[in-house]
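If you're matching positions, the sequence shown starts at 65 in the numbering used here and goes up one per residue.
See below for the structure under consideration.
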Amino acid sequence: MQLKRIEITGFKSFAEKTIIDFHEGVTAVVGPNGSGKSNITEAIRWVLGEQSAKSLRGGKMNDIIFAGTDLRKPLNFAEVTLVLENEDHFLPLDFAEINITRRLHRNGDSEFFINKQACRLKDIVELFMDSGLGKESFSIISQGKVETIFNSKPEDRRSIFEEAAGVFKYKTRKKKAEQKLAETEDNLSRVQDIIYELDSQIEPLKIQSSIAKDYLLQKKQLSDVEIALTVVEIEQLKKQAESQNQEVDSFNQQLNKMQKISVELEKELLELKNEKNKVTEIIDSEQNSLMKILQHYEQLEGKKQVLNERSKHTKKNRQQHEQQRQLAKEKVEQLTEELKQVTITITKKSEDQKIGHSQLKKAQKEQQMLASDSKEIREQLRSNYIDLMQEQTSLRNEQNYLEKSLNQVSQKKMKSTARIAALELEKEQSEIKLTRTTSDMKAIQQEIAEKILHYQEQQVTVQDKRVILENENKKMFDALRVVQQAKAKKESLQELTDDYTGFYQGVKEILKHKVKIGGVVGAVAELISVPKESEIAIDIALGAASQNIIVRDETSARNSINFLKQKRSGRATFLPLTTIKSRHLPLSVETKVKNSAGFIGIASEVVGYPKEISSIIQNLLGTTIVARDLESANSIAKMIQFSYRVVTLEGDVMNAGGSMTGGASKKGNQSSLFSRKNELATLSKQIDQMENKLLTKETEVQQLKQTVIKEEEKLEKVRELGEQQRLKDQELKNAHTVIVEKFTRLVRELKGNRFEEQEERQEENTYVKRLEAIKKESFILKDKMDQTKRQIEMVSSQDEEREKLQATILQKVQELMTSSATIKEQMTSLKNEHNRIDNQLEIGQKEVDKLRLFIQEISQSNGDQKLSESDLIAKSSKLKKEKEQVEHSLILHKEKLLLLQERLNQVEQTVTLKNNQQLYVVEQKTKVEVSVNRNDVRMDNRLVYLSEEYNLTFESAKQHHTPTIKTEEAAQKVKLLKLSIQELGHVNLGAIEEFERIYNRYTFLVEQRDDLLGAKESLYETMNEMDEEVILRFTETFNAIRFRFSKVFPQMFGGGMAELRLTDPENVLTTGIEIIVQPPGKKLQQLSLLSGGERAFTAIALLFAIIQVRPVPFCILDEVEAALDEANVVRFGRYLNEFDRDTQFIVITHRKGTMEEADVLYGVTMQESGVSKIVSVRLEEAERGSINAMK
C-alpha cells in the first residue's frame, strides 16, 4: 500500500484547494517557520480520526477552518481527502484505491466518506485500527510526540507497542464485552426481582379465572337462547316487508338509470359550457390579436408612406447638393485658372525686377564715384528713404487688397445671416408643429391605453358575470332539487302521520275509524304540541298515556271499546271530557318551585293544546314539574318533600315518595310521535322558505342573463371606440414622422450654415484687425519718411554744385528706384492675389468635399431607406396574411360558438325534462317507502334490543343463533340460567385476561433469565480469549522490538547500547515499559538526563526498530530531527534511505541534510499573508535537468 496524495481545502492556512502527490521513497516538505508545514501532518491526523482540537493546536474544532485574512473572506467548511493505493489489500476493503474524506462545516456539522460513500467516524477509525496507521500510531511522529514518549509514564508508553502489536482491536472487543457484561448483570437482577413478584400473583388469579370462565359460559348460553327467540320474532316481521322492499329496489334501479343519464347529461352540459368558454376565450383572444395585427399593419403602412416622403425629399435634396457641388467645382476650376495666370505674371515681373535691380546698381555705382566725399551719408539717407517708400507702397497695396476682400466677406456674411434667419424661422415653425403633434400623440395614446384597459376590464367583467351566471344557475337547480327532496320527505312523514304509524294497534284502529265511531277527539300525542328540547321530558311524563284517546263522553268511550271487540283489533284507553277532571299543584308549591334553580315549568304549561281538552292535559301533566337536569330535579323534589313527580329534560325522574328513575333513554315509538309532528311543522316552514328563495333565485338568474347580454354589448362598443382611436393615432404618427424628418433636415442645414457664418466672421475679424494695423504702420512710416527727406535736403543744400552735377545721375537713379519699387509693389500685390486665390481655392475644394460627403450620406441613407422599405413591405405582407388567417379563424370560431349554444340549449332542455321524470319516480318511491317504514317501525324494538343488549345485527344473530328447541322449552331454559348466574355472585371477568397475561410474562421472564445466565458465561469466555491473544501478540512484538532496538541504537549512535524492559513482567496486560540507553562514551542514565538531540535520536532509533518489526506503508515525521546536529542529521537521512524501499516517508523538515536525502521536495510558502501554497520539485528530474544543462 502507498499514500498517493492528499487534497486539502479550507484546512487552517490552506484556503484554496491544494493537492500534494506523494511518490515512493522520501518526500520532504520544507518552508520557513509559520508557513503551514505542520498543517499537512495535522490534516492527515484529522482525516484519520483525530477528535481533539487541542492536539490540532486549536481551542475548538471550528478553529481548523480557514478563518480569513485581510484580503480573503473566511470559509464555511474544511475538507481533507487522503488517497491510498490498496492494490495489495493492506486495508480490508476490496478496492485498489481508497479515498478517505472528512468534512467539517462551520455550524459544527461533520461528514465522513470512504470512496465518496457516506460513513461514520467509527468506520474510519476501525478501518485503520491495528494497521499501524491510526491517528495516534507510531507512523505519525512529531517533535512534540518525541517529548511525550520520554516524558510519559511507563504504563502510558505501552500504547506505541500495542499499536505495533496490533492488539487494539482485541482490547476494544474486550471493552465492549465488559460493557455488555455490566448490562447483562443489571438485566439479570431486574428480571429476578420481577419473577419473584409475579410468582405470588399467579395462584389467586388462576382461581378467579376459572369462576369467570364458568360465568361467561352460562352467560353465553343465556344470550344464545334469548337471541334465538328474538330472531324468530323478527323473521316473522321481515317476511311481510320482502315484497315491498322488492318494489323499492325496482324504483331504485329506475332512479340509478335516470341518475346515470342525468350524470352523463350534466357531464355533457359541463363539457359544452367549458367548450363554450374556451371558444369565447379564443374569440376574445383572436379579436385582441386582430386588433394588434391591424394596429401593427397600419403602423407599417404609415412607415411606408413616411419612407416614400423621405425618399422624395432625399432625392430632391441630393439633386440640390449635386447642383451646388457642380457650381463649386466650376468655381474651383475658374480659381485654378486665375491662379495659373497670376503665377505666370509673377514670374514675368520677377525677371523685370532682376533687370531693374541690375540697372539701379550700375547707376548707384556711378553716383558713388561722383559723390565720394559725402558718399556714406547720402547713400544711407537715400537708401533709408527708398526703403521707406517701398514699404509705404507695399502697405498701400495690401490695404487695397484687404479692403476688397473685406467687402466680399461682408457680403457673403450678410447672405449667410439672412439664410440662417430663414432657417431658424422655419425650424421654430417645425418645432411648434412637432410639439403639438407629440402632445396630440401622447394624449391619443393615453386614450388608447385607457380604452385597452377599459376593454380588458370589461372582458374580465363579462367573464366574471358569465361565471356568476353559471354558478347561480347551478345553485338554482341545486335549490330546486333540495325543495323536491324536502317535499318528498314531507309527503312520506305526512303519510306516516295519516296512517298513524307508531301508535298501538287498538289506538290506530280507533283513529282510522273515528268518524264512523263518532265522538272521538283524538289521541293525546296528536293533539298536543311539544317543544323539541322538551320531547324526552314530556314523553317520560306521559308514558303510555300519550296514546290515550280523548273522547267527548262515556258513550263515545263505550262505542269505541265495542268497536275494538268486534274487530278484535286490540285495546286502548279512553279519556271522556265529561268525566276527567283537571289537577293542579298547590299555589304554595308552585310559587316555591318557580323560583328554584333549574326550573323549566309545569309540564301542562310546557306543551300546547286546544282549550277544549285542557282538563285532560291538566289531569295528565298538571302535577308534573319539568327541571333542567337531575341535580336541579333532586333539589326541587327535596324542596317539595318528594310530594310530586319531577322530570328532567334528559328523561330522569324524581318520583313522588323519593324513588328515582333514570339512565340511557331508548328512543322508541312514543318519542317519534312528537318528533315526527315537529319535523313536519319544521319541513313545512322550510319548504315555504326554500320556495320563496328559489323564486328569488330564478329572478336573479334572469336578471344576470340580461346583465351578461348588456355587458357583452358594452364590450363590443368599447372595442369599436378603441379601433377608431387607433386609426386616429396612426394618422398622427404618420404626420409626426414627416415633421420629424423635416425638423432633422433643418437642424442639419442650420448647423452647416452657422459653421460657414462663423468662418466668414473669423475671416472678417482677421481683415479688420490687419487694416487697423496697416493704418498705424502707415502713420509711423509717414513720419519716418518726412524726417529722412529733411535730412536729405539739408545734405543737398551744403553741396548744391555737386548736386547739380549729380542731378542727372540722381534722376536716373530715382527713376530706376521708382521703377524697382513699382515692380516690387506689383510683385507684393500679385503675391497677395496669389494667396487670396489660393485661399479661395482651398475653401472651394473644402466645399466640394463637404458636398461630396453630403451626397454620399444621402446615398447611404437612401440605400438604408430602400432596405427598410423592402423590410416593411415583407412585414406588411406577412401581417396581411396573419390578419386574413385570424379573420378566417374568428369566423369559424363564431360559427362554432353558435352551434355550441344551440347544442347547450338542447341539453339544458333535456336535463330539465330528465329531472322532472326523476322527481316523479322519487315521489312514487317515497309512497312505497312509507309502507316499508310502517313495517320497519314494528321491527324497531326488537332490532334495538339486539343491538343494545348484544351488539348484534339481525343477520349475524340469525347466522349464529338458530333455535334448536321449542319456544316453550327455550323460555324455561332462560329462567334456569338466570338463577345459576345469580348464584355465582360477584365475578371478576378481568381475571381471565390478567391470569393469561401474568402467566405468559412469568414464563417469558424465566426464559430471559436463563438466556442472560448463558450470555454472562459466554462473555467471560470471550474476555479470557481476548486477554490470551493480547498477551501472546504483545509479548512477541515487544521481544522483537527490544531486539531490533538494541541493534539499531548503536548503529545510529555509532556505539553505545539501549534496552527495553517491562516494569511488571508478571502482568503483561498492564505492565509499563522502561527505556534504558547508554550513548557512546557515557554511563547508563535516566532519559530525563539526556540532551535534546540524544532524546530525539533515541526516539528515531525506536521508530526504526518498530518499523523493522512491523513495517508500515508510510510514515510521517514532523521535524523529529530538529534537535539533531548536522552530523546526526546526515546519519538520520542516510538511515531513512535504508527503509524507503518498503516504507514511504513524508518528512516535515528544514534541515539541509534531510533535504539532500529526499527524492521529492515540496516547498510551503506564504506569498499571500495567512495563505499557504505548495511548490514541488522532483529531485531526480532536477538532477537530470542539471546534467543536460552541463552537457
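Yeah, the Cβ is synthetic: ideal placement off N, Cα and C, and Gly gets one too.
Within a 10 Å sphere around the beta-carbon of L759 sit fewer than 16 other beta-carbons, which makes this residue exposed.
Between the alpha carbons of S480 and I516 lies a distance of about 52 Å. As the crow flies, the alpha-carbon of P1177 is around 6 Å from that of Q66.
Around the CB of M754, 16 or more other CB atoms lie within 10 Å, so the residue is classed as buried.
For K580, the enclosing alpha helix (DSSP H) covers residues K578 to I581.
By the Cβ rule, the region 666-673 does not count as touching the region 626-635, because fewer than three pairs are nearer than 8 Å.
In this structure, DSSP gives Y1226 an extended state, which the three-state scheme calls strand.
R530 is a Cβ neighbour of V772, given a cutoff of 7 Å.
Sixteen is the threshold: when 16 or more other Cβ atoms of the shown chains lie within 10 Å of the Cβ of D288, as they do, the residue is buried. Contact fails between the region 249-266 and the region 1087-1102, because fewer than three Cβ pairs, one in each stretch, are under 8 Å apart. As a beta-bridge residue in DSSP terms, Q181 pairs with I178. Contact between N623 and V588 is ruled out by a C-beta separation of about 19 Å, above the 8 Å threshold. Scanning the region 80-115 for uninterrupted beta strand (DSSP E) segments of 3 residues or longer gives 82-85 and 90-94, listed from N- to C-terminal end.
For K137, the three-state secondary structure derived from DSSP is coil.
DSSP places T1099 in the uninterrupted alpha helix (DSSP H) bounded by G1054 to F1117.
Excluding sequence positions up to five before and after I346, its CB lies within less than 6 Å of the CB of H957, all in the same chain and listed in chain order. The beta carbon of E820 lies closer than 8 Å to those of S480 in the same chain, with the five residues before and after it left out. Per the Cβ contact rule, the region 89-101 is not in contact with the region 119-126 (fewer than 3 Cβ pairs under 8 Å). Following the DSSP letters along the chain, one finds I128 in no alpha helix (DSSP H), marked with neither H nor E. The count of Cβ pairs closer than 8 Å, one atom from the region 1156-1171 and one from the region 126-146, stays below three, leaving the stretches out of contact. The alpha-carbon separation between K118 and G172 amounts to approximately 16 Å.
About 44 Å separates the beta carbons of E841 and L489, which is beyond the 8 Å limit, so they are not a contact pair. Rounded to the nearest angstrom, the gap between the Cα atoms of I844 and V473 is 29 Å. Under DSSP, F75 takes part in a beta bridge, and its partners are F78 and I129. The beta carbons of I1137 and L1153 sit about 19 Å from each other, so the pair does not count as a contact at 8 Å.
In the DSSP assignment, R1198 falls within the alpha helix (DSSP H) that extends over E1190 to F1203.
The DSSP-derived three-state label of A701 is helix.
Membership of R692 in any beta strand (DSSP E) is not indicated, and neither H nor E is assigned to it by DSSP. A Cβ-Cβ separation of about 6 Å places A552 in contact with E987 under the 8 Å criterion.
Residue L191 holds the alpha-carbon nearest to the alpha-carbon of D158 among D1223, G727 and L191.
Between L286 and K1042 the beta-carbon gap is near 7 Å, inside 8 Å, which marks them as a contact. Distance check between L639 and each of S678, D603 and S652 places S678 closest, using alpha-carbon atoms only.
H169 carries a strand assignment under DSSP once its states are collapsed to helix, strand and coil. Here T400 is exposed, its C-beta having fewer than 16 other C-beta atoms within 10 Å. Under DSSP, P640 forms a beta bridge with V615. Beta-bridge pairing by DSSP links N163 to V147.
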